[in-house]
Amino acid sequence: MNISVVIPNYNGKRLLENNLPLILTMLKDKEIIVVDDASTDGSVELIKKLFPTVRLLEHKSNYGFSTTVNDGVKVAKGQWVVLLNSDVVPQKNFLEYLCNHLNDPKVFAVGCLQYGIDWKDHHILGRGIGKFHQGLLVHAPGSLDKHNTLWVFGGAGIFNKKIWEILGGLDTIYEPFYWEDIDLSYRALKAGYKLLFESKSVVKHFHNKGAISTGFSDSYVKKISYRNQIMFVWLNITDPKYLTEHLVYLPFHLMKAVITHDLSYLTGFCLALIKLPEVIKGRLIKRNSSKISDQQVLKQFAGEI
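Numbering (the UniProt record's numbering), first residue to last: 1 to 305.
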C-alpha cells in the first residue's frame, strides 16, 4: 500500500533527534516528510546533517499547525498519509493494525491508541466522543473497546489523501492550534465518511515536550481553545435546535465569565468575533458538503458522555 508519513515540526530538535531514528527504522520503506514551521532551534540543520533521506519542507515564516500539516499532505506521494507529531513515538506494528481498516472506500481516517507518558490525567486515550451541551460541542476521551470515534487526532493517525483533498484539509482559521482535527473529522462524518479507532495501533505521546506545551503560556492556550470551540459551532453546526441552544446559552457563558473574572473566555470570545467575516465565508463552503445532520453524527455517542 502506498503510504507517506508527514511530521510537522516547530522547535522540536530534541524530539526529532530521539524519535526520527526509530521512525526511519520502523517505516524504512515509506516516504518520510518533515515540514518545519520556521524553527529557530536548529531543527533544519539537524535533519539535513543526520537524516538526509527525509524529505524536508521549510517554512520561512511560522504559520501554525494547520498550514504545516496541509503543506506536507499536499506534497505526499502516498494514497494514505500517516500524521505523526514530533512528540509522538509509534510502537511496534502500529501501521499494520491501521492498514487493516483501509480497504473500505468510505473510511477517511483511523486513529491510534495513545499512551500519554507525561499527562496528569487520561494516560491512555485515542477514541473521541462528544455531545452538544449548553450551546457548545463538548468532547472527551471515550471507551477504548469501540471502533467508532468522533475525531481522529491530527498527530497520530492515518488519513486518505483523496478524501482529505475533497474536504479541503485542515481549516487554517483555527491556527495556531487546537480544534482543527476535530473540525476536519466532524466535516468528514457529516459528509458521510467513516472515522475509526484502532486500539491495537499504539503510540507514545510525550505531550509536555511538544511545541504547544513548551512554546506557549497556559493562558494563551486557554484563549485559543475557547476561541476555537466557539468558532467550531459557528462554522459547522446547522441543526436549528443546536443553533438556538447556542444563541440562548452564549450570553450565559459570557455573564458567567464576567462574574468569575474568566478573562481567557472573554478574550477567546472577542478573538472569535474578530474572525466572524472569515467564519461566515467558511460556513457557506462547509454547508455545501454536508449530507448527515448534526444530531445524526452525535447520536452514535449518546449515553457515553
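Built from N, CA and C at the ideal position, the CB exists for glycine as well.
Counting C-beta atoms within 10 angstroms of its own C-beta, R287 has fewer than 16 neighbours from the protein chains shown and is therefore classed as exposed. The Cβ atoms of Q295 and N148 do not sit closer than 8 Å to each other.
The Cβ atoms of P21 and V203 lie no closer than 8 Å to each other.
Under the three-state reduction of DSSP, L102 is assigned to coil, being neither helix nor strand. Residue pairing by DSSP places R283 in no beta bridge whatsoever. Assignment of Q91 by DSSP, reduced to helix, strand and coil, places it in the coil class.
DSSP places F108 within a strand segment (E or B) once states are collapsed to three. Annotation for K131: no alpha helix (DSSP H) segment contains it, though the beta strand (DSSP E) segment containing it runs 128-133. Around the beta carbon of C270, fewer than 16 other beta carbons lie within 10 angstroms, which makes this residue exposed. In the structure shown, N148 falls within a strand segment according to DSSP collapsed to helix, strand and coil. In this structure, DSSP gives I117 a state outside helix and strand, which the three-state scheme calls coil.
The Cβ neighbour count for K30, taken over all protein chains shown within 10 Å, is at least 16; the residue is labelled buried. The beta carbons of I3 and G78 sit about 5 Å from each other, so the pair counts as a contact at 8 Å. Comparing C-alpha distances from V82 to each of V34, K200, F216 shows the shortest one belongs to V34.
For G157, the enclosing beta strand (DSSP E) stretches over residues 156-160. Only buried fits V233, as 16 or more other CB atoms lie within 10 angstroms of its CB. For H123, there is no enclosing alpha helix (DSSP H), since its DSSP letter is neither H nor E. Our two residues, N236 and A302, have alpha carbons roughly 19 Å apart in a direct line. Contact check between the stretch 218-232 and the stretch 261-268: three or more CB pairs, one atom from each, fall below 8 Å, which counts as touching. Distance from the CA atom of A257 to the CA atom of L250, rounded to whole angstroms, is 11 Å. By the criterion of a C-beta distance shorter than 8 Å, L84 is surrounded in its chain by V5, V6, I7, I23, P90, G155, A156, V203, once the five residues flanking it on both sides are discounted. In the DSSP assignment, A140 forms a beta bridge with I129. For E58, DSSP records a beta bridge to D36. Under the 8 Å Cβ criterion, the stretch 45-52 does not count as touching the stretch 97-111, having fewer than three qualifying pairs.
Looking at the backbone, the Cα of F108 and that of A191 are separated by about 10 Å. Assigned with DSSP and collapsed to three states, N288 falls in coil, not helix or strand. Per DSSP, the beta bridge partners of W80 are I3, N160. In the three-state DSSP reduction, N9 falls in the strand class (E or B).
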